[in-house]
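Undergrad:
Numbering (my numbering), first residue to last: 402 to 1329.
1) Determine the burial state of residue 841: buried for a count of at least 16 other Cβ atoms within 10 Å of its Cβ, exposed for fewer.
2) Taking only the alpha-carbon atoms, compute the straight-line gap between residue 1147 and residue 1270 and give it to the nearest angstrom.
3) Give a yes or no on whether the C-beta atoms belonging to residue 1226 and residue 1016 are separated by under 9 Å.
4) When the Cα atoms are used, what is the spatial distance from residue 1323 to residue 1074?
5) Quick one: is residue 521 buried, meaning 16 or more other Cβ sit within 10 Å of its Cβ, or exposed?
6) Between residue 766 and residue 714, which are expected to be in contact by the criterion C-beta below 8 Å, what is the C-beta distance as a whole number of angstroms?
7) Between which two residues does the alpha helix (DSSP H) carrying residue 761 extend?
8) Using the three-state DSSP reduction, which class does residue 958 fall into: helix, strand or coil?
9) Let's see if you can read the secondary structure: which residues bound the alpha helix (DSSP H) around residue 925?
10) Within its chain, find whatever has a CB closer than 7 Å to the CB of residue 935; leave out the 5 residues flanking it on each side and keep chain order.
11) Between which residues of its own chain and residue 610 is the CB-CB distance below 7 Å, once the five residues before and five after are set aside?
12) Starting from residue 1120, follow the alpha helix (DSSP H) in both directions and report where the run begins and ends.
13) Taking its Cβ as the centre, do 16 or more other Cβ atoms sit within 10 Å of residue 425, making it buried, or is it exposed?
14) What residues match up with residue 1058 in a beta bridge as DSSP calls it?
15) Taking the beta strand (DSSP E) that residue 1273 belongs to, which residues open and close that run?
16) So, with DSSP's three-state summary, where would you put residue 567?
17) Grab me the residues of residue 675's own chain with a C-beta within less than 6 Å of its C-beta, minus the 5 sequence neighbours each way, in chain order.
18) Given that a residue counts as buried once 16 or more other Cβ atoms are within 10 Å of its Cβ, and exposed if not, what is residue 413?
19) Which residue comes first and which comes last in the alpha helix (DSSP H) that contains residue 519?
20) For a test of your reading of the model: does the CB of residue 435 fall under 8 Å from any non-hydrogen atom of the ligand GTP? Yes or no.
21) By how many angstroms is the C-alpha of residue 1286 removed from the C-alpha of residue 984?
22) Short check: CB of residue 418 to CB of residue 805, under 9 Å?
23) Contact defined as beta carbons within less than 8 Å: I believe residue 924 pairs with residue 1222. What is the distance between those atoms, to the nearest angstrom?
24) Between the region 1252-1262 and the region 1229-1236, do at least 3 Cβ pairs fall closer than 8 Å?
25) Please classify residue 1289: does DSSP put it in a helix, a strand, or coil?
26) Please go through the region 1163-1194 and give each complete beta strand (DSSP E) segment of 3 or more residues, from N-terminal end onward.
27) If you run the structure through DSSP and keep just helix, strand and coil, what is residue 812?
28) Leaving out five residues before and five after residue 966 in sequence, what residues of the same chain have Cβ atoms less than 7 Å from its Cβ?
29) Look at the alpha carbon of residue 1128 and the alpha carbon of residue 1313, and state the distance between them as a whole number of angstroms.
30) Rounded to whole angstroms, what is the Cα-Cα separation between residue 1279 and residue 1259?
31) Could you tell me which residues DSSP pairs with residue 481 in its beta bridges?
32) Kindly indicate which residue of 1289, 408, 901 has the alpha-carbon position closest to the one of residue 1244.
33) Do residue 466 and residue 782 count as a contact pair if the criterion is CB distance below 9 Å?
34) Going by C-alpha distance, which of 926, 831, 891, 890 is nearest residue 875?
35) Given that a residue counts as buried once 16 or more other Cβ atoms are within 10 Å of its Cβ, and exposed if not, what is residue 1138?
36) Does the contact criterion of 3 or more C-beta pairs under 8 Å hold for the region 1102-1117 versus the region 1043-1050?
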């Protein structure tokens, strides 16, 4: 043995390889593996978890092989890469005589405690280890408690609690905050208050944590109340349990279980250190197990006791612990009695010994065998004849372990993967969320408003004014939207302060996408919104408990109302969520898309009051629909009566839009031809191709009439015509092209534009670019051209002076009357809501109730038994006649206005209808 060294025995190579293999951790968890003939690990997919665990390799060697464990320690120390294996070799010889055979005693506790303390120090503080240090917080706490002596003190539990707090993380954090505050100037009182709050919070947190019953927060204290030793349920809290572990108290406990607690705390610390927590991304996965080398184990130095404890704790707890124990002694533990079967295997049979132990482990664990975890292996010196063989074996064995590939974590468990994958996942998730947020943001027109939708070319939906829906917009439009938004906020606050008042939401639905791609093309729509805002302000200032508080939503139905059905269906959903929505006001363009929108709103159960629509089919076919303007048949009759008074030939030519979807234009063509034919005029009609529009089939084919080209060609078509011309098309952009082309050739025709021409007149820039040719146009409102009186005076004072001072400037003044018409439409809804509360304050204000009450807006019956309930509007008296099937006001005013030199005439050329102020001309036709 002297010539061959401490490993000069038969089977040393097999033994060394087995120990090296047992030090290596599996690449997947800690699952059991199979060992091949070369003592290398193979597949472990079919291994049972009950066979998982590391044995206690007990080397039974003769006295002349006393340095075997020292040689093993040298190999672990020089393993490549350096520091890849942590090991501890406490000096058991120093503890000889401190323990004795039989049941554990207090001396047994101290020797086990001290041996584990030495092992903890060597394993935890290894300077050569290339992985993070091994912490032992549970064992350290038990060790510290066993050195504390509180017997004889008043309130020992309180003293112990304060002592535990002084060594806790909470105390260190609190002290750091206090030290930082001390460095601040005296006038930083707020930080001192903050320091007191921190100290109070940490104290409260500690008091909760030290109960040991709060998951996560209680941390290591909770483990002590859940481990199986010393009956922790008897204590109730960690402080009381810890008191049982202090000096003078632990001696009262069963020594066997105090030892088990010490060892289990030691093993639990190792278990936790080997768990790869997701949040500890900087820690490498440990690929080798720590080794505890116990040399010269005996009954008197606590070595046998420690091995027995490892076996008992593993059997009792049933958890895997990552500790390889290797002992060496002349006799096999735990009883130091050699037999024919212990050890059964010699060193040259090391692999077979491990396989046999692994096969027996499951049964031994279930039977709680006292030798379940022991793997005794005999070491015998070689005979003289075996010396050459041993020397050859040592030469092939090498001088150290080489684990470079085996100790490298798999790519999925490497530090960079564990950092990179979460970073990539977070980046992908953040990117996806950002993309979806951007996509959702873009889908909702660059806002977080779920009721706005980007169609790909325009933004449609509803807003309270926080988003700009006019497309395009300008500073004046945004000013109006800002007023609406501010008044909506006021309405919400007023509703909170006065919940007894009716609270209603009106949706101002119009085509807010310009047909000529200019903000000036939306002047009429802006004017309409101003009128709604005036009606809203009037209600905000109203004092009565029955006066409704009005909230206003701005809605865009898209260019030419083409997205109206989509917005109407959206309003159905919105009204289900917001019960304050009672109806829709405004609407725009008497066209097929508008008809479909009205039908969709009817199906949604939302009543409508249109401010400018006049096509006959709209009111005739839709019961939920009302309007404050006269119908086309009334407009045509007034136009015919007016022209009849003018000098000139009794011939008239009607120009209309060649688009069957433009219900307004084709319906007005039909009514105009009939009215003038009834007056004895020679009539004809010609179609022109509109610029944009709903996009329906050509109308001239249905009528069998001439198509002259676009609106400009229609204007040139009047150059050699001396009669009257009635333009029954869209004011924007078609009438501008029509009138400018007619002016270029000095047309002598007398031009009368329909009521939609008011949109063109409202655009001051467009109007003043066409100064050469004068023309008349039909209008449903005389103010602000004429001097306002009565309700109109109040309205225009609020409009011009209170809300929108820019209306008093030449650039801001609009002459289309859309603001007044919009105000009247809103007033119909508001008055209907007020009528509901006149008789009973408990009647709910719902869309259906509003629809029913609108028909009550009419004059008294001849017998005088009914209260007069007609509405004096800005644009004339609104009277629905008391007929539930009537949707159009009776005898609603129609005026004939004029433009000369690009400016609107200040006088009315013709007026027909019921109003407080102007009287109807004698030639006016009766209201149909």
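The C-beta atom is built at its ideal place from N, Cα and C for all residues, glycine as well.
Since the structure is predicted, the reported quantities are computational estimates derived from the model, not experimental observations.
TA: According to the structure data:
1) exposed
2) 51 Å
3) no
4) 22 Å
5) Around the Cβ of residue 521, a 10 Å sphere holds 16 or more other Cβ atoms; the residue is buried.
6) Wrong, their Cβ atoms sit about 12 Å apart, outside the cutoff.
7) 751-767
8) Residue state, collapsed to three classes: coil.
9) 924-941
10) Hits under 7 Å: 1196, 1199, 1200, 1204, 1224.
11) Closer than 7 Å at Cβ, skipping near neighbours: 618, 619, 620, 622.
12) Residue 1120 -> no alpha helix (DSSP H), and no H or E assigned at all.
13) Around the beta carbon of residue 425, 16 or more other beta carbons lie within 10 angstroms, which makes this residue buried.
14) 1089
15) 1272-1274
16) helix
17) 687, 723
18) buried
19) 507-525
20) The ligand GTP is not part of the structure shown, which contains no ligands of any sort.
21) 18 Å
22) no
23) Taking 8 Å as the upper bound for CB-CB distance, residue 924 and residue 1222 are not in contact here, some 14 Å apart.
24) yes
25) coil
26) 1176-1180
27) helix
28) 997, 998, 1001
29) Linking residue 1128 to residue 1313 through their CA atoms gives a straight-line distance of about 20 Å.
30) 7 Å
31) 803
32) Nearest of 1289, 408, 901 to residue 1244, Cα basis: 901.
33) yes
34) 926
35) buried
36) no
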